[in-house]
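Respectively, the protein sequence lines represent chains A and B.
Just so you know, we're using my numbering here: the first sequence kicks off at 1 and counts up by one.
Just so you know, we're using my numbering here: the second sequence kicks off at 1 and counts up by one.
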Amino acid sequence: MSVNKYLPYLFVLPEDDANRQLANGFHLNIDKIRQMQVLEVAGGWREVLDLFSSVHITEMERDGNRYMVLLIDFDGKPNRLDKVRTIIPNHLSERVFVLGTLTDPEALRHALRPADLDSYEKIGSALAFDCRDATDATWSHDLLRHNSGEIDRLRLSVWPILFHFV
Amino acid sequence: MIRRLYVNNFRCLENFELPVSGHSSALLIGKNGTGKTTVGVALKILQRIARGTNRVDDLVKAKDFARGRTDVPMRFEIEVELGTKIYEYVIAFELPENFKELRVLEETLKVGGKPVYSRDKAQVHLAKVGQAKEARFLIDWHLVALPIVQEESPKAPLFIFKQWLARMLILRPIPSLILGDSKEETLQPNLQVTDFGAWFSGIIAYAPSAYAKVYDYLKQMMPDLEDIRNPVVGTDARSLEVQFSSDGRSLPIPFGDLSDGEKCFMICALVLAANSAYGPLLCFWDEPDNYLALSEVGHFVLALRKAFESGGQFIATSHNDEAIRRFSEENTLVLSRKSHLEPTLVRPISEIQINGDLISALVRDDFEP
Numbered sequence: 001m002s003v004n005k006y007l008p009y010l011f012v013l014p015e016d017d018a019n020r021q022l023a024n025g026f027h028l029n030i031d032k033i034r035q036m037q038v039l040e041v042a043g044g045w046r047e048v049l050d051l052f053s054s055v056h057i058t059e060m061e062r063d064g065n066r067y068m069v070l071l072i073d074f075d076g077k078p079n080r081l082d083k084v085r086t087i088i089p090n091h092l093s094e095r096v097f098v099l100g101t102l103t104d105p106e107a108l109r110h111a112l113r114p115a116d117l118d119s120y121e122k123i124g125s126a127l128a129f130d131c132r133d134a135t136d137a138t139w140s141h142d143l144l145r146h147n148s149g150e151i152d153r154l155r156l157s158v159w160p161i162l163f164h165f166v
Numbered sequence: 001m002i003r004r005l006y007v008n009n010f011r012c013l014e015n016f017e018l019p020v021s022g023h024s025s026a027l028l029i030g031k032n033g034t035g036k037t038t039v040g041v042a043l044k045i046l047q048r049i050a051r052g053t054n055r056v057d058d059l060v061k062a063k064d065f066a067r068g069r070t071d072v073p074m075r076f077e078i079e080v081e082l083g084t085k086i087y088e089y090v091i092a093f094e095l096p097e098n099f100k101e102l103r104v105l106e107e108t109l110k111v112g113g114k115p116v117y118s119r120d121k122a123q124v125h126l127a128k129v130g131q132a133k134e135a136r137f138l139i140d141w142h143l144v145a146l147p148i149v150q151e152e153s154p155k156a157p158l159f160i161f162k163q164w165l166a167r168m169l170i171l172r173p174i175p176s177l178i179l180g181d182s183k184e185e186t187l188q189p190n191l192q193v194t195d196f197g198a199w200f201s202g203i204i205a206y207a208p209s210a211y212a213k214v215y216d217y218l219k220q221m222m223p224d225l226e227d228i229r230n231p232v233v234g235t236d237a238r239s240l241e242v243q244f245s246s247d248g249r250s251l252p253i254p255f256g257d258l259s260d261g262e263k264c265f266m267i268c269a270l271v272l273a274a275n276s277a278y279g280p281l282l283c284f285w286d287e288p289d290n291y292l293a294l295s296e297v298g299h300f301v302l303a304l305r306k307a308f309e310s311g312g313q314f315i316a317t318s319h320n321d322e323a324i325r326r327f328s329e330e331n332t333l334v335l336s337r338k339s340h341l342e343p344t345l346v347r348p349i350s351e352i353q354i355n356g357d358l359i360s361a362l363v364r365d366d367f368e369p
């Protein structure tokens, strides 16, 4: 079952293996799994940007149904979002989103262990449940709440692609 | 769901325990010859017992002892949680000197820690359960007791366990051998799924609503799918035919003429429908990514993982990077073996130090379990 490109769909480009597993957990718990695809890990946040610039900008221009989430670590630098945005062309900015842990996923997993979210996949699942149920139990965590602006944008354009909302 | 699978002295599995408890899906990875498929073979032996094969020589042979070590029993133990009950089944075989065939050394079925029956060589002891009295009888020690012991009713724990074990889906499909013809119905497909037609007929007869699930899944992958028909051909035989339509035109294709990958979609659809109709089931699929286009693999595996999250258990083996990426560290198990003279070791990938990306580490073989 490859991605259905006749409808809007989402590609997630993860920085590393931990982010890939977060994305896996999210993917397992959306309603329309065929409208999302987790891509190969890029190998670093700068590599995410390189790949986005060298491959995905052209592909997104060619395919108006494609949305992308760049899943990176902020390494304690919330202003990284501004830096990443500089490489996203204006005409694609409505279809590109940047998400990630404020530090790194390992710190998030450590912090969420008491809440029984002791694996990246479980955390990804919890984030998907938040999106589906319009809650922010996990997204509001200290290491994730800096994503709120991007989440607001995703709620409008991407969540309906992935979830069956009544 | 399997809580414990223990195998000893069977081929490369020595003192081997598969850590899948609590996981609705799990992936077995490892180099060729490390024992991934053998785990499925061990499950297949238990499944065959439940499906009625009771002659020990039809199940295991002297060559199956690990490194020919016939002085130690060959042992299979499975503990499963079905509903609210825990079922434990143990069978051990031995090959005494001057015996040509293995015999049963020990066999036990317990439910909730209490024995339903136990056995020491030829002596079987049926425990007192409900209205049934305690009983002892002798059985040929070359026969397994599980298929023989009569259950009181479909509600009896013995029946429930035996049915679950018999209905395990252990799959290694060979699409070119799957033609879609059938003369009967079954809910218990064979390893290569050459009885696909009978399985399709069985599921639809058992739960007609399962057709909608099959159709919905397939329609996502093949938008031009219109219908799957199973008309009678000849006397008491049926032959599956898949109807496609596009732009007002229609094309019927005999099932046997579908591509190998398309047949795998069909099998996947039946697995999902079966788990829903008569599950929860255990599905062990040896390399489910075989025959699939790269763009299909990820979603194929994910659909199976997702379906079994709500009941049952899905265990896959794979060498395919796209399939491997769809699992995570808590549900990926690495099997390894230092040589053909040493047993299989299994470890969760979370316990293994990996530098960088998992797939790259696998390709570099920088992976020391």
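For every residue, glycine included, the Cβ atom is placed at its ideal position computed from N, Cα and C.
These numbers come from a predicted model, not from an experiment.
Inset, instruction - Name the two residues that bound the continuous beta strand (DSSP E) containing Ala92 of chain B. - result: Run containing Ala92 of chain B: 85-94, per the beta strand (DSSP E) assignment.
Legend entry - Short CB-CB distance (under 9 Å) between Leu174 of chain A and chain B: Any property of residue 174 of chain A remains undetermined from this structure, which presents chain A solely from 1 to 166.
Legend entry - Same chain only: Cβ atoms within 7 Å of Gly112 of chain B, ignoring 5 sequence neighbours per side: So the list reads Lys85, Ile86, once near-sequence residues are dropped.
Inset, instruction - Report the three-state DSSP secondary structure of Val55 of chain A (helix, strand or coil). - result: In the three-state DSSP reduction, Val55 of chain A falls in the helix class (H, G or I).
Legend entry - Spatial neighbours of Thr70 of chain B in its chain, beta-carbon cut-off 6 Å, leaving aside the 5 residues before and after: Short of 6 Å from the beta carbon of Thr70 of chain B, and not among the five residues preceding or following it, lie these beta carbons of its own chain, in chain order: Leu95.
Legend entry - 9 Å Cβ cutoff, Met1 of chain A in contact with chain B: Summary for Met1 of chain A: the model assigns pLDDT 45, below 50, so the residue's position carries little reliability, and this model does not support an answer.
Inset, instruction - Output, in chain order, the set of chain A residues within a Cβ distance shorter than 9 Å of Asp357 of chain B. - result: Neighbours of Asp357 of chain B on chain A, chain order: Asp16, Asp17, Arg20, Glu40, Val41, Gly43.
Inset, instruction - Could you tell me the distance, in whole angstroms, from the CA atom of Gly83 of chain B to the CA atom of Lys155 of chain B? - result: Computed Cα separation, rounded: 12 Å.
Inset, instruction - Could you tell me which chain B residues have their CB closer than 8 Å to the CB of Ile33 of chain A, listed as they occur along the chain? - result: Within chain B, His299, Leu302, Ala303, Lys306 have C-beta atoms less than 8 Å from the C-beta of Ile33 of chain A, given in sequence order.
Legend entry - Residue nearest to Gly124 of chain A in terms of C-alpha spacing, selected from A:Leu49, A:Gly100, A:Arg46: Among A:Leu49, A:Gly100, A:Arg46, the Cα nearest to that of Gly124 of chain A is on A:Gly100.
Inset, instruction - Go through its chain and collect everything with a Cβ distance to Trp141 of chain B's Cβ below 6 Å, but skip five positions before and after it. - result: These residues qualify, in order along the chain: Arg103, Val104, Lys121, Ala122.
Inset, instruction - Reducing DSSP to helix, strand and coil, say where Lys110 of chain B ends up. - result: The answer is strand: DSSP assigns Lys110 of chain B an E or B state.
Inset, instruction - Would you decide whether Ala212 of chain B is buried or exposed? Buried here means 16 or more other CB atoms lie within 10 Å of its CB. - result: Exposed, by the Cβ-count rule.
Inset, instruction - May I ask you to report which of helix, strand or coil DSSP gives Ala37 of chain B? - result: The sequence given here has Thr at residue 37 of chain B, not Ala. Reduced to three states, the DSSP call for Thr37 of chain B is helix.
Legend entry - Pair within 9 Å by beta-carbon distance, Ser336 of chain B and Lys31 of chain B: Using a Cβ distance threshold of 9 Å, Ser336 of chain B and Lys31 of chain B count as a contacting pair.
Inset, instruction - State yes or no: is the beta carbon of Ser328 of chain B nearer than 9 Å to at least one beta carbon in chain A? - result: Chain A contact via Cβ: present.
Inset, instruction - For chain A, find out if any of its Cβ atoms is closer than 9 Å to the Cβ of Gln131 of chain B; answer yes or no. - result: Chain A has no Cβ within less than 9 Å of the Cβ of Gln131 of chain B.
Inset, instruction - Taking only beta carbons into account, state which residues of the segment 214-228 of chain B come closer than 9 Å to chain A, listed in chain order. - result: The segment 214-228 of chain B vs chain A, Cβ under 9 Å: Tyr217, Gln220, Met221, Pro223.
Inset, instruction - Examine the ligand SAH and report whether any of its heavy atoms sits within less than 8 Å of the Cβ of Val144 of chain B. - result: What this structure holds is no ligand at all, so the ligand SAH is not there to describe.
Inset, instruction - Using beta-carbon positions only, say whether Arg11 of chain B and Gly35 of chain B come within less than 9 Å of one another. - result: Yes, Cβ-Cβ distance for Arg11 of chain B and Gly35 of chain B is below 9 Å.
Legend entry - With 16 other Cβ atoms within 10 Å as the buried cut-off, status of Ser276 of chain B: Classification of Ser276 of chain B: buried, given that the 10 Å Cβ count is 16 or more.
Inset, instruction - Using beta-carbon positions only, say whether Arg51 of chain B and Asp58 of chain B come within less than 9 Å of one another. - result: Taking 9 Å as the Cβ cut-off, Arg51 of chain B and Asp58 of chain B do not qualify as a contacting pair.
Inset, instruction - Pick helix, strand or coil for Ser24 of chain B, following the three-state DSSP scheme. - result: Three-state DSSP puts Ser24 of chain B in coil, outside helix and strand.
Inset, instruction - Return the chain-ordered ranges of every alpha helix (DSSP H) run that is complete within the segment 16-62 of chain A and spans a minimum of 4 residues. - result: Segments of the alpha helix (DSSP H) lying fully in the segment 16-62 of chain A: 17-28, 45-51, 57-62.
Legend entry - Own chain partners of Pro231 of chain B with C-beta closer than 8 Å, once the 5 adjacent residues on each side are dropped: Result list for Pro231 of chain B: Arg238, Ser239, Glu241, in chain order.
Inset, instruction - Determine contact between the segment 120-137 of chain A and the segment 88-96 of chain A, defined as no fewer than three beta-carbon pairs at a distance below 8 Å. - result: The segment 120-137 of chain A, when compared against the segment 88-96 of chain A, does not touch it at the 8 Å Cβ threshold.
Legend entry - Cβ neighbour criterion (16 or more within 10 Å) applied to Ile33 of chain A: With 16 or more other Cβ atoms within 10 Å, it is buried.
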